[in-house]
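What follows is a set of notes on a single structure, which appears directly below.
Chains as they are written, first to last, in our numbering: chain A, 1 to 322; chain B, 1001 to 1501.
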């Protein structure tokens, strides 16, 4: 609360307009600056929770950027571990970092993952004038000469965007994954710019990052990493149907502090389910290139545990961690 | 004329009594936010975003308010630069170099009006540029790969030596310190933390604002304490504000050139308003030559960075709207606002959401005129806020610095770091080492390193890749010339001076 209170205080001082903050209002921490996926999760879920009446006060959104979500994680674990009115935006990036021990020793079991209600499907795209017409073309080119294709993505080396093409290549039987070129740039749009500009040959990212470039005809999406084709984007083939059984989605979800009661945990899970079922959320997903992906409560916790173990194993193989 | 029709659509959206009222409020708030040291446009806009939701504003109104704040902050930053020698926000850094000496000569009013007019020219030209060229200019980003970006940042560093100090060795030392500080944090190419000592607070590196507030504001407080308030550099008197027509006329070409330079710098993703004002100042300085007296308080030295940074602020909207790649910190926050309003910027925004884009452009034009009125005849109101006695102002500066920095991440660690930077700034100023290159090192160092690392990954470590395109080669030539030329020029130009002395 300290930060939002201070922000309110400063805003008040500047504007002479106080921001009412109810004592019982729930708070959502977005562990990043405004504008990213975590911020979107907090603002959309918070807004819909209030609009459909599952919370009686508007949800306060606090941005707590730092250490790729590590500062917020540390804050929740050490200072707010029994705060029942707090939830925090999370995504695949959260579990990837936990699996790679990137939160300075903190582990995934120090919070409770309450649910995911939507996922941003992973995509592999090339420039519209690229010689690679399909995922198979790209994979075969890398197999023949690993140096011939460089990927650009919005996450750092070893991050989820980097993992996506490597998962596909491993599936295709290519084992020398450290020879695959990857550069991490500032977000998906930047990755597309580099690819369209011809500096890299392919872009790895999320569906939401490419939506606006698709209509423009600058890029060609050669694979989406979901079980089935994504509604609204039926002409984009999945990796699976091209013979590479890889599903990699960037889910959007929440975690809550570990110390809250089981009743409270189930209550949040229920509220999240209601958001997932709402028309407002369906519209928000459609507008932002998200595909339905609902897992709440115990189901989701099990999914997260599995994911952390899987990424941990792969990262060791990659040499990203010891 | 498509553009006129579109503009008419934009004005029909943006021109209502309510939106005009919002524009005036936004301009006023923005100017104050910009003027207060430490509270820059990016955190200012970020802090105000919740207000737009609290007030339940629709997309257009929210955009009008926020862009007015954004442009307002760009105007406001110059006020404290000129009067206090503390940049109100990062792009106003360059304005201190001539603005403050000019104020010390008793021409604070002239400097404020002149910089206000320069800001207007820069922002107006940039808005017109945005209007005419945005869809085309968006393609420029496609020509900039890692090698080109590296050369661009190198250019900025190479021209540093001549700018920040008369001693290039000291400037180079300061730039290296800045680059060193920029290395702290998680290495973006390998994901491993560097120089953090395991401290989670250092994983993201050192925030630029922490360093700037420490090196400028807190160091100033230390000097104030040392002198017991006597002879403190803070608190330049502003007697009368009149319009310095002569200065405005004599700097008209400077303003136009600086606007052009700033606009191009703004368009390049990630470069932003700081680089815009920097390049505008440097190019004007080299045009004026040693005799131009840049750094001693000349009108051109005030007009150039202000026209440059306001024009870059407009330019930075181009990649944000057309590619979804923010051109600066503040546009990143504006991007966040657009996304929350369910407007996804991208190449198709101009055709699909014409009402939003042209409403935004119309509101930028409106905001710009409001700001000119507010910042020229009414500048005294803002000055009043800052021209309180030093014994009131400095505790105020200290408080705002602490509150502003605390609001960034809500951690007291940043406060300690800021005080540390204050001590560093104090020591460096005692040693006559310029602090501006440190700031630029922190600001650009990480990006420059990223560009180099990416270039090396793509080329398998082949250094010739850095010279592989005409754009990159051109930038390299300019960088080397920019570093070497001042040494020779200084020798040539100093000789006749020695004779006359």
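All residues carry an ideal CB built from backbone N, CA and C; glycine is no exception.
These numbers were taken from a predicted model, which means no experiment stands behind them.
- [ ] Go through its chain and collect everything with a Cβ distance to residue 113 of chain A's Cβ below 6 Å, but skip five positions before and after it.
- [x] 255, 300, 301, 304
Open item on the list: Here's a check: name, in chain order, each residue in its chain whose Cβ is nearer than 7 Å to the Cβ of residue 1153 of chain B, leaving out the five neighbours to either side.
Closed with: 1444, 1447, 1448, 1451
TODO: Examine chain B for any beta-carbon lying closer than 8 Å to the beta-carbon of residue 64 of chain A, and answer yes or no.
DONE: For residue 64 of chain A, the nearest beta carbon of chain B is closer than 8 Å to its own beta carbon.
Task: Beta-carbon separation (whole angstroms), residue 77 of chain A vs residue 110 of chain A, contact threshold 8 Å - done: 5 Å
Task: C-alpha distance - residue 1442 of chain B paired with residue 1262 of chain B, whole-angstrom precision - done: 21 Å
TODO: Count the other C-beta atoms from every protein chain shown that fall within 10 angstroms of the C-beta of residue 1253 of chain B, then say buried if there are 16 or more, exposed otherwise.
DONE: exposed
Open item on the list: Short of 7 Å in beta carbon distance, which residues of its chain neighbour residue 1023 of chain B, apart from the five on each side in sequence? Order them along the chain.
Closed with: 1064, 1068, 1363, 1366, 1367, 1370
Open item on the list: Which residues does DSSP list as the beta-bridge partners of residue 27 of chain A?
Closed with: A:60, A:86
- [ ] Note down the Cα distance separating residue 286 of chain A from residue 1017 of chain B, rounded to an integer number of angstroms.
- [x] Whole-angstrom Cα-Cα distance: 34 Å.
TODO: Spell out whether any CB of chain B is found under 8 Å from the CB atom of residue 46 of chain A.
DONE: no
Task: Reference residue 124 of chain A; option with closest CA among A:181, A:116, A:223 - done: Comparing Cα positions, the closest option is A:223.
Task: Where the alpha helix (DSSP H) containing residue 1181 of chain B begins and where it ends - done: 1168 to 1182
TODO: Please decide whether residue 1200 of chain B counts as near chain A, where near means a Cβ-Cβ distance under 8 Å.
DONE: yes
TODO: Go through its chain and collect everything with a Cβ distance to residue 1155 of chain B's Cβ below 6 Å, but skip five positions before and after it.
DONE: 1475, 1478, 1479
Task: Terminal residues of the alpha helix (DSSP H) in which residue 1207 of chain B lies - done: First-last for residue 1207 of chain B: undefined, no H or E at that position.
Open item on the list: Restricting to Cα atoms, I'd like to know which of B:1356, B:1013, B:1210, B:1059 is closest to residue 1423 of chain B.
Closed with: B:1210
Open item on the list: Under 8 Å, with one C-beta from each stretch per pair, do the stretch 1077 to 1089 of chain B and the stretch 1211 to 1230 of chain B reach the 3-pair mark?
Closed with: yes
- [ ] For residue 181 of chain A, return the contacting residues in chain B, with the cut-off set at a CB-CB distance below 9 Å.
- [x] Per Cβ cutoff of 9 Å: 1457, 1458, 1460.
Task: Residues near residue 1147 of chain B in its chain [Cβ-Cβ closer than 7 Å; skip 5 each side] - done: 1455, 1465, 1466, 1468, 1469, 1472
Open item on the list: I'd like to know if the stretch 208 to 225 of chain A and the stretch 117 to 132 of chain A are in contact, where contact means that at least 3 CB-CB pairs between them fall below 8 Å.
Closed with: yes
Task: Nearest to residue 198 of chain A (by Cα), restricted to the options A:207, A:307, A:85, A:150 - done: Between residue 198 of chain A and the set A:207, A:307, A:85, A:150, the nearest pair of CA atoms involves A:150.
TODO: Establish whether the CB of residue 150 of chain A and some CB of chain B are separated by less than 8 Å.
DONE: By this cut-off, residue 150 of chain A is an interface position.
Open item on the list: Just to make sure I have the definition right: I need the residues of chain B whose C-beta is within less than 7 Å of the C-beta of residue 196 of chain A. Which are they?
Closed with: 1142
- [ ] Take the Cβ of residue 1412 of chain B as the centre, count every other Cβ of all protein chains shown within 10 Å, and call the residue buried at 16 or more, exposed below.
- [x] Within a 10 Å sphere around the beta-carbon of residue 1412 of chain B sit fewer than 16 other beta-carbons, which makes this residue exposed.
Open item on the list: Quick check: the stretch 1305 to 1325 of chain B against the stretch 1271 to 1284 of chain B, are at least 3 beta-carbon pairs closer than 8 Å?
Closed with: yes
TODO: List the whole-angstrom C-beta distance separating residue 1394 of chain B from residue 1224 of chain B, where the pair is believed to meet the contact cut-off of C-beta under 8 Å.
DONE: 5 Å
TODO: Would you kindly check if the distance between the Cβ of residue 1030 of chain B and the Cβ of residue 1099 of chain B is under 8 Å?
DONE: no
- [ ] Would you list, in sequence order, the uninterrupted alpha helix (DSSP H) runs of no fewer than 4 residues that lie entirely inside the stretch 1004 to 1033 of chain B?
- [x] none
Task: Straight-line Cα distance separating residue 50 of chain A from residue 21 of chain A - done: With a pLDDT of only 36 at residue 21 of chain A, under 50, the local geometry of the prediction cannot be trusted, and the value read off the model is given with reservation. Rounded to whole angstroms, residue 21 of chain A to residue 50 of chain A spans 14 Å at the Cα level.
Task: Option nearest residue 139 of chain A by Cα separation, candidates A:53, A:243, A:290 - done: A:243
Task: Cβ pair count under 8 Å reaching 3, the stretch 186 to 201 of chain A against the stretch 233 to 249 of chain A - done: no
Task: Contact the stretch 162 to 174 of chain A vs the stretch 1102 to 1113 of chain B: 3+ CB pairs below 8 Å - done: no
TODO: Jot down the residue ranges of each uninterrupted alpha helix (DSSP H) in the stretch 1283 to 1317 of chain B, minimum 4 residues, whole runs only, in chain order.
DONE: Qualifying alpha helix (DSSP H) stretches, in chain order: 1299 to 1315.
Task: Between the CA atoms of residue 1082 of chain B and residue 307 of chain A - distance to the nearest angstrom - done: 55 Å
TODO: Provide the residue span of the alpha helix (DSSP H) that contains residue 1441 of chain B, from first to last.
DONE: 1436 to 1458
TODO: Please classify residue 134 of chain A: does DSSP put it in a helix, a strand, or coil?
DONE: Coil.
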